[in-house]
Amino acid sequence: MVFIMFWVFVGKELKSIARDPKIIIAMFIVPLIIIIIFYAIIGYGLQQQITQAIKEGGSVALINLDSDLYSYRFISFLRDIGVEIKLLDPILSTNITKALEVANTKILYVIPKGFSENITRFSPTSIKIYIRLGSLTIGESSIVDLATRLVERFNDNITATIALEKGIPAEFIRGAITKELYAFIYNKVVSNPYILTTFLT
Numbered sequence: 001m002v003f004i005m006f007w008v009f010v011g012k013e014l015k016s017i018a019r020d021p022k023i024i025i026a027m028f029i030v031p032l033i034i035i036i037i038f039y040a041i042i043g044y045g046l047q048q049q050i051t052q053a054i055k056e057g058g059s060v061a062l063i064n065l066d067s068d069l070y071s072y073r074f075i076s077f078l079r080d081i082g083v084e085i086k087l088l089d090p091i092l093s094t095n096i097t098k099a100l101e102v103a104n105t106k107i108l109y110v111i112p113k114g115f116s117e118n119i120t121r122f123s124p125t126s127i128k129i130y131i132r133l134g135s136l137t138i139g140e141s142s143i144v145d146l147a148t149r150l151v152e153r154f155n156d157n158i159t160a161t162i163a164l165e166k167g168i169p170a171e172f173i174r175g176a177i178t179k180e181l182y183a184f185i186y187n188k189v190v191s192n193p194y195i196l197t198t199f200l201t
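For the sequence shown, position 49 (counting from the first letter as 1) is numbered 49 according to the UniProt record's numbering, and the numbering increases by one without interruption.
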């Protein structure tokens, strides 16, 4: 009985609201407009951060300790897809903070000695990625994604090339180039920046 009376009351109130357009506007239309505007502002802000990250990520620094066939191919690969590269003195590999300051970039790649030899022998090898993060924002997390994605694309490219040259299945050497990822934020080194950027996505 109480349940039936409750729904009768609700029905009367809804009819009352329907007879007054001002109440409908106040209760539904205005909040909806505010929510749309709010999300539009947030979306625009995030897009600006991501655009800035891509712009800044377009220039990277690189230290080549290998100076052999496949390290030069990596450099050529980056240039071919439009990435500006600042080649640094190998001696700066012992002071990454200074290397990032000298290059004035957010991304630094360090290609280790023996990189090309390991690829030739089908042995695992890696590229070290250092990223300077100014803050914990969506835009900064995009830099992390960009830096790692470039290495992944090169790995796919070089895997397909070697497989074709050697006449072997690409699966045999897929994943030959791995990533060692580090970030500098607030003068601290973080070995896995994705731990930080996970909270932003």
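Heads up, the beta-carbon is just placed ideally off N, CA and C, and yes, glycines get one too. What you are looking at is a predicted structure, and each value in this text was computed from that prediction instead of being measured.
### Task
Determine the burial state of R174: buried for a count of at least 16 other Cβ atoms within 10 Å of its Cβ, exposed for fewer.
Burial check for R174: the Cβ neighbour count within 10 Å stays below 16, so the residue is exposed.
#### Entry: Cβ-Cβ distance between G91 and L108 below 8 Å
Note that residue 91 is Ile in the sequence shown, not Gly. In this structure, L108 does not lie closer than 8 Å to I91 by Cβ.
### Message
I'd like to know whether the C-beta atoms of I177 and N155 end up nearer to each other than 8 Å.
### Response
Yes; because the gap between Cβ atoms is below 8 Å, this pair is in contact.
### Message
Using only CA atoms, which one of L62, A61 and I158 lies nearest to F122?
### Response
I158
### Message
If the criterion is Cβ atoms closer than 8 Å, does the pair K179 and V151 meet it?
### Response
yes
#### Entry: Residue from N64, A170 and P169 with nearest C-alpha to S93
For S93, the nearest C-alpha among the options comes from N64.
### Query
Leaving out the 5 sequence neighbours to the left and right, which residues in its chain are closer than 6 Å to F74 when beta-carbon positions are compared?
F154
### Task
May I have the straight-line CA-CA distance separating F115 from S76, to the nearest angstrom?
15 Å
### Task
Would you list the residues sitting across from G185 in a DSSP beta bridge?
Residue identity check: residue 185 is Ile in the sequence provided, not Gly. In the DSSP output, where bridge partners are listed per residue, I185 has L133 and K188.
### Task
Out of V110, G82, Y72 and V83, point me to the one whose CA is closest to D89's CA.
V110
### For T125, the three-state DSSP class (helix, strand or coil)
strand
### Message
Could you compute how far the alpha carbon of L100 sits from the alpha carbon of V83?
### Response
17 Å
### Message
Please list the terminal residues of the continuous beta strand (DSSP E) segment that includes A61.
### Response
S59 to N64
### Query
Taking the DSSP output, what are the residues bridged to Y109?
L62 and I129
### Query
Buried or exposed: where does F172 fall if 16 or more other Cβ atoms within 10 Å of its Cβ makes it buried?
exposed
### Query
Secondary structure at I168, three-state DSSP: helix, strand or coil?
Coil.
### Query
Ends of the alpha helix (DSSP H) at L69?
L69 to D80
#### Entry: Helix, strand or coil at L87 according to DSSP, with G and I counted as helix
It is a strand residue.
### Query
So, helix, strand or coil for I158, using DSSP?
Of the three classes helix, strand and coil, the one that applies to I158 here is helix, per DSSP.
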